[in-house]
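Undergrad:
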Amino acid sequence: MKRLISAALALCLALGLAACGKGPGGADIFELGAELSGMAEALPDMTSVSSEGGEATGAELFPYLSDMDYSLVAGFYLSYATGGSAEEIALIKVKDAGSLPLAQASLERHLEGRRNLFRTYDPAGAALLDGARISASGDVAALIICENSAEVAGAFRRAMG
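Residue numbers (mature numbering (1 follows the signal peptide of the UniProt record, and there is no 0)): -21 to -1, 1 to 140.
1. Looking only at DSSP bridge pairs, what is Arg112 linked to?
2. Whole angstroms are fine: how far does the CA of Glu31 sit from the CA of residue 184?
3. Who are the Cβ neighbours of Ala86 in its own chain at under 6 Å, not counting the five residues just before and after it?
4. Assuming Ser78 and Ile68 form a contact by the criterion Cβ under 8 Å, report the distance between their Cβ atoms to the nearest whole angstrom.
5. Can you look up Gly104 in the DSSP assignment and give me helix, strand or coil?
6. For Ala129, which residues from the same chain have a beta carbon less than 7 Å from its beta carbon, with the 5 sequence-adjacent residues on both sides left out?
7. Using the three-state DSSP reduction, which class does Glu67 fall into: helix, strand or coil?
8. Quick check: the stretch 94 to 104 against the stretch 39 to 56, are there 3 or more CB pairs under 8 Å?
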């Protein structure tokens, strides 16, 4: 009897974990975003927002990051410098991998807008943006802006397999 109860509990736990936060492509962008943010060097205080709060919250916050049609998005994660400096870690997960080039292009436009802004009022921040990395794999596009952007972008690619 104890074995049966233990097996049932183990099965429930496994099913619960399998259902947590992963979409069709399997990538949990909230967990991945937090891990990548943890790897980034010399980050100031950061504020994180995501689509995890639900469709309405995600639809309201997403336009800050991307101009792509939100109906194509399965979820997003954004961690940005609270004090207004240039650092950001952003992930966009699309519903269909065919939309991944749209997500990547929208991150490129977002990055260019940030470059233009920082060239005007913070040249040091603009230099950090020049080292930014945009990467895409599977159904997720990433924007990495930090001191060690290349290293964090490499970790993103490895995590995505």
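Ideal Cβ placement from N, Cα and C applies to all residues, glycine included.
TA: Checking against the coordinates, here is how it stands:
1. Ile123
2. Residue 184 is absent from the structure shown; the chain starts at -21 and stops at 140.
3. The identity of residue 86 in the sequence shown is Leu, whereas the question assumes Ala. The answer, listed in chain order, is Ile113, Ala120 and Leu122.
4. 21 Å between Cβ atoms; not a contact.
5. helix
6. Arg112
7. strand
8. no
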